[in-house]
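Visitor:
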Amino acid sequence: MEEGIRIIITAPRTKTGHYANECPEAQNGNGNGSSGKKPNPFNRGQVNHVNVEEVEAQLDAVIVHALKTWRHFLIGNHCEVYTDHKSLKYIFTQKELNLRQRRWLELIKDYDMRLHYHPGEANIVADALSRKSHVNTLMTGELPKELAEDLHELCLEIVTRGYVAALEIQSTLMDKIREAQKTDKEIATIKEKALQKLQEKWKSTAAPYPAMYSSFLGGIILDPAMMALPIDDHMVHRGHGVFDTAMLLDGHLYELDTHLDRFLRSAAQAKVGTPFPRDTLRSILVQMTAASGCRKGSIRYWLSSGPGDFLLSSSGCPGPAFYAVVIPSDYAQCRHGVRAVTTSVPMKPPLFATMKNVNYLPNVLSIMDAEERGAFASVWVDEQGYVAEGPMVNVAFVTQGGELVLPVFDKILSGCTAKRMLALAPKLVEAGLLKGVSTQHITAADAKRSVEMAFVGSGLPVLPIVEWDGQPIGDGKVGKLMLALSDLLWEDMKSGPDRVAVPYK
Ligand SMILES: Cc1ncc(COP(=O)(O)O)c(C=O)c1O
Numbered sequence: 001m002e003e004g005i006r007i008i009i010t011a012p013r014t015k016t017g018h019y020a021n022e023c024p025e026a027q028n029g030n031g032n033g034s035s036g037k038k039p040n041p042f043n044r045g046q047v048n049h050v051n052v053e054e055v056e057a058q059l060d061a062v063i064v065h066a067l068k069t070w071r072h073f074l075i076g077n078h079c080e081v082y083t084d085h086k087s088l089k090y091i092f093t094q095k096e097l098n099l100r101q102r103r104w105l106e107l108i109k110d111y112d113m114r115l116h117y118h119p120g121e122a123n124i125v126a127d128a129l130s131r132k133s134h135v136n137t138l139m140t141g142e143l144p145k146e147l148a149e150d151l152h153e154l155c156l157e158i159v160t161r162g163y164v165a166a167l168e169i170q171s172t173l174m175d176k177i178r179e180a181q182k183t184d185k186e187i188a189t190i191k192e193k194a195l196q197k198l199q200e201k202w203k204s205t206a207a208p209y210p211a212m213y214s215s216f217l218g219g220i221i222l223d224p225a226m227m228a229l230p231i232d233d234h235m236v237h238r239g240h241g242v243f244d245t246a247m248l249l250d251g252h253l254y255e256l257d258t259h260l261d262r263f264l265r266s267a268a269q270a271k272v273g274t275p276f277p278r279d280t281l282r283s284i285l286v287q288m289t290a291a292s293g294c295r296k297g298s299i300r301y302w303l304s305s306g307p308g309d310f311l312l313s314s315s316g317c318p319g320p321a322f323y324a325v326v327i328p329s330d331y332a333q334c335r336h337g338v339r340a341v342t343t344s345v346p347m348k349p350p351l352f353a354t355m356k357n358v359n360y361l362p363n364v365l366s367i368m369d370a371e372e373r374g375a376f377a378s379v380w381v382d383e384q385g386y387v388a389e390g391p392m393v394n395v396a397f398v399t400q401g402g403e404l405v406l407p408v409f410d411k412i413l414s415g416c417t418a419k420r421m422l423a424l425a426p427k428l429v430e431a432g433l434l435k436g437v438s439t440q441h442i443t444a445a446d447a448k449r450s451v452e453m454a455f456v457g458s459g460l461p462v463l464p465i466v467e468w469d470g471q472p473i474g475d476g477k478v479g480k481l482m483l484a485l486s487d488l489l490w491e492d493m494k495s496g497p498d499r500v501a502v503p504y505k
């Protein structure tokens, strides 16, 4: 017997409830269809009284469905189609073909197939499956041996869907491959080699990150080779994610709760969910830092709409993801001055500027713009000429009147360091060094007349600006008030009240 795939198809029923090839109106006594000639359901002249259109449509539907559904199994393989519709087999030998028949041959020409007549009694299982909608009684019994073998060969199984009237044939090939791969020695070796390669890559350079957390992997990762994000994570390919940071100094996380609050506000604005409540997120960050053993640097963490697909909306993703990493760095209080330029890179609209989302392309382009022009960083000035912020910092000024002024946070990121500066600065007012502290809409023209100016942000915490767009600020030297504010913030980072002690082992 020729090797190949076998498909068993039963003739459809007519409206009277009979199978088309058994329909009493179509029988003429010899049980074969029409008198003398070979039965042919495509020939209207031969099948009297039967709704030929219906029969043909059903045949089309059943066989076309089978061929299309199993196309991936059938193309390239020889297949035998068994049908209890006797007349079908004449389609290959018939001299004249009508339009429908030609369409038929057009479809089946891609398949290496042979049609066979298969008597109804031998087709019990196919009948039970394909006519399920006509029979609502429970049918049980063993599959004929040959058919069971066929199904096995094709890796097909009969699966039930809730109730016995809904039976479906589904390929289980992929599931079987996946299952077999779990215990396959060759695959295990390939995986081991891939991991070894990644580990070797990291061995040759100093591991930059001592710990990472991934809700996708469900734990803290210490092996740099495993510190990866799924490529189909929407934060990776759509920028649908938010992030935040916290500085780590002397084994303490600075202003962790303030940063976490802004993080969750950003997530809500960006319609990004969280896999855990706030307390759990906080606890993961503290535990990850403890596991890293790192005492100085920063942590950075992300909420993403999660992995799942490559569409825009995250509605197809199973759930949000949380990632975090420890970044060691040996930062120190900045005491030198830098140059700044006004950037021509368009500002983010307020909705995007006020949330800390992962789309930092404008920020990246603006700092590159500054670097290309020999400056340390850039400043955004809005269309009305008001000062906004820098690419990863806020800006602060000391006016000629001795007042500390920061731009209002309505169109820019509400910086945690800037807010803390505003909270601590009144100490300098008390000491008589400053006249006042406020947030204001300040034009670039006025700001350029300030006596002191600085970038303010996590890790700096204050970086004096001595020149803006080629114009000196004040006397062009680092001012004492910005240094005094820097000292206040640095002290706060080292010994202030808003620090979380990391429970290292
Ligand atoms: C655009 C922007 N503005 C301001 C800041 C400063 O914020 P923080 O003081 O909370 O670090 C950042 C920090 O990343 C930023 O990205």
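Residues in the sequence shown are numbered consecutively from 1, following UniProt numbering. Think of the CB as a built atom: it goes at the ideal place given N, C-alpha and C, for glycine as much as any other residue. What you are looking at is a predicted structure, and each value in this text was computed from that prediction instead of being measured.
1) Using CA coordinates, which residue listed in 281, 355, 331 and 272 is at the minimum distance from residue 319?
2) Measuring CB to CB, does residue 342 end up less than 7 Å from residue 469?
3) Considering only residues of the same chain and omitting the five flanking positions on each side of residue 506, which have a CB-CB separation below 8 Å?
4) For ligand 1, is there any heavy atom lying closer than 6 Å to the beta carbon of residue 413?
5) Taking just the CA atoms, how far does residue 276 sit from residue 330?
6) Check residue 429 in the structure and name its three-state DSSP category.
7) With DSSP run on the structure shown, which of helix, strand or coil describes residue 284?
8) Tell me the DSSP secondary structure of residue 393 in three-state form.
9) If you measure between the beta carbons of residue 268 and residue 301, is that distance less than 7 Å?
10) From residue 210 to residue 505, what distance separates their C-alpha atoms?
11) Tell me, to the nearest whole angstrom, how far the beta carbon of residue 462 is from that of residue 489; I am working on the premise that it is less than 8 Å.
12) Cα separation between residue 207 and residue 241?
13) Could you give the DSSP three-state label for residue 363: helix, strand or coil?
14) Are residue 247 and residue 496 touching if we call contact CB-CB under 7 Å?
15) What separation, rounded to the nearest whole angstrom, lies between the Cα atoms of residue 476 and residue 295?
16) Output the distance between the C-alpha atoms of residue 216 and residue 437, rounded to the nearest integer angstrom.
17) Exposed or buried, what is residue 187 when buried is set at 16 or more other beta-carbons lying within 10 Å of its beta-carbon?
18) I'd like to check one pair, residue 500 with residue 290: are the Cβ atoms closer than 7 Å?
19) Smallest Cα separation from residue 111: which of 74, 99 and 101?
20) Quick check on DSSP: helix, strand or coil for residue 221?
21) Might you give, ordered along the chain, the residues of its own chain that have their beta carbon closer than 7 Å to the beta carbon of residue 487, omitting 5 neighbours on each side?
22) Short of 8 Å in beta carbon distance, which residues of its chain neighbour residue 369, apart from the five on each side in sequence? Order them along the chain.
23) Under the criterion of a Cβ to heavy atom distance below 6 Å, does residue 392 qualify as lining ligand 1?
24) Which stretch, first to last residue, makes up the beta strand (DSSP E) that contains residue 245?
25) May I ask whether a heavy atom of ligand 2 can be found less than 6 Å away from the beta carbon of residue 334?
26) Where does residue 64 sit, in a helix, a strand or coil, going by DSSP?
27) Taking only three categories from DSSP, how would you classify residue 379?
28) Nearest to residue 359 by CA position, among 237, 317 and 192, is which residue?
29) Apply the 10 Å Cβ neighbour rule to residue 485 and answer buried if 16 or more other Cβ atoms are within range, or exposed otherwise.
30) Can you list, in chain order, the residues of its chain with a C-beta nearer than 7 Å to that of residue 406? Leave out the 5 residues immediately preceding and following it.
31) Buried or exposed, going by whether 16 or more other CB atoms sit within 10 Å of the CB of residue 197?
32) What separation, rounded to the nearest whole angstrom, lies between the Cα atoms of residue 220 and residue 327?
33) Comparing the CB of residue 389 with every heavy atom of ligand 1, is any distance shorter than 6 Å?
34) Give me the Cα-Cα distance between residue 435 and residue 250, rounded to the nearest whole angstrom.
Guide: Taking the coordinates as given:
1) In the sequence shown, the residue the question calls residue 319 occupies position 319. Nearest C-alpha to residue 319: 272.
2) As a first step, residue 342 must be located in the sequence shown, where it is residue number 342. As a first step, residue 469 must be located in the sequence shown, where it is residue number 469. Yes; because the gap between Cβ atoms is below 7 Å, this pair is in contact.
3) Given that the chain is displayed from residue 1 to residue 505, the structure contains no residue 506 and the question cannot be resolved.
4) In the sequence shown, residue 413 corresponds to position 413, counting from 1. Yes - ligand 1 has a heavy atom lying nearer than 6 Å to the Cβ of residue 413.
5) By 1-based counting over the sequence shown, the position of residue 330 is 330. By 1-based counting over the sequence shown, the position of residue 276 is 276. Roughly 31 Å separates the two Cα atoms.
6) Within the sequence shown, numbered from 1, the residue matching residue 429 stands at position 429. In this structure, residue 429 counts as helix in the three-state DSSP scheme.
7) Along the sequence shown, one-based indexing puts residue 284 at 284. Note: residue 284 maps to helix in three-state DSSP.
8) The count along the sequence shown starts at 1 and reaches residue 393 at position 393. Here residue 393 sits in coil by DSSP.
9) Taking the sequence shown and counting its residues from 1, the one referred to as residue 268 is at position 268. Taking the sequence shown and counting its residues from 1, the one referred to as residue 301 is at position 301. It is not a contact, given that the beta carbons lie outside the stated cut-off.
10) The sequence position of residue 210 within the sequence shown is 210, counting from 1. The sequence position of residue 505 within the sequence shown is 505, counting from 1. Straight-line Cα distance between these residues: approximately 15 Å.
11) Looking up residue 462 in the sequence shown gives position 462. Looking up residue 489 in the sequence shown gives position 489. The pair is a contact, with the Cβ atoms about 6 Å apart (cut-off 8 Å).
12) By one-based count along the sequence shown, residue 207 stands at place 207. By one-based count along the sequence shown, residue 241 stands at place 241. Using only the alpha carbons, I get a separation of about 26 Å.
13) Start at 1 with the first residue of the sequence shown, and residue 363 comes out as number 363. If DSSP states are grouped into helix, strand and coil, residue 363 belongs with the helices.
14) Locating residue 247 in the sequence shown gives position 247, where the first residue counts as 1. Locating residue 496 in the sequence shown gives position 496, where the first residue counts as 1. At least 7 Å separates the beta-carbon of residue 247 from that of residue 496.
15) The residue labelled residue 476 in the question sits at position 476 within the sequence shown. The residue labelled residue 295 in the question sits at position 295 within the sequence shown. Approximately 36 Å between the Cα atoms of the pair.
16) Stepping through the sequence shown from its first residue, residue 216 is reached at position 216. Stepping through the sequence shown from its first residue, residue 437 is reached at position 437. Straight-line Cα distance between these residues: approximately 45 Å.
17) Counted from its first residue, the sequence shown places residue 187 at position 187. Its Cβ having fewer than 16 others within 10 Å, residue 187 is exposed.
18) If you number the sequence shown from 1, residue 290 lands on position 290. If you number the sequence shown from 1, residue 500 lands on position 500. No; because the gap between Cβ atoms is not below 7 Å, this pair is not in contact.
19) To locate residue 111, count along the sequence shown from 1; it is residue 111. With distances taken between Cα atoms, residue 111 lies closest to 74.
20) What you label residue 221 is simply residue 221 of the sequence shown in a count that begins at 1. Note: residue 221 maps to strand in three-state DSSP.
21) Position 487 of the sequence shown, counted from the first residue, corresponds to residue 487. Here the set comprises nothing.
22) Numbered from 1 along the sequence shown, position 369 holds the residue referred to as residue 369. Once the five neighbours on either side are set aside, the close Cβ partners of residue 369 are 341, 343, 344, 345 and 378.
23) Locating residue 392 in the sequence shown gives position 392, counting from the first residue. True, at least one ligand heavy atom lies under 6 Å from that Cβ.
24) Start at 1 with the first residue of the sequence shown, and residue 245 comes out as number 245. Per DSSP, residue 245 is one residue of the beta strand (DSSP E) stretching across 241 to 249.
25) With respect to ligand 2, the structure offers nothing, as its ligand set consists of ligand 1.
26) Against the sequence shown, residue 64 aligns to sequence position 64. Helix, per DSSP.
27) What you label residue 379 is simply residue 379 of the sequence shown in a count that begins at 1. Residue 379: strand per DSSP, three-state reduction.
28) Counting from one through the sequence shown, the residue named residue 359 turns up at place 359. Looking at the Cα atoms, 237 is the closest of the given residues.
29) For the purposes of this step, residue 485 is identified with residue 485 of the sequence shown, where counting begins at 1. Burial call: buried.
30) Mapped onto the sequence shown, residue 406 falls at position 406. 394, 396, 418, 422 and 439.
31) Working through the sequence shown from its first residue, we reach residue 197 at position 197. Counting the other CB atoms within 10 Å of its CB gives residue 197 a total below 16, which places it among the exposed residues.
32) As a working mapping, residue 220 is identified with position 220 in the sequence shown. As a working mapping, residue 327 is identified with position 327 in the sequence shown. For the pair residue 220 and residue 327, the Cα-to-Cα distance works out to about 14 Å.
33) Residue mapping note: residue 389 aligns to position 389 of the sequence shown, counting from 1. The answer is yes for residue 389.
34) If you number the sequence shown from 1, residue 435 lands on position 435. If you number the sequence shown from 1, residue 250 lands on position 250. Rounded to whole angstroms, residue 435 to residue 250 spans 34 Å at the Cα level.
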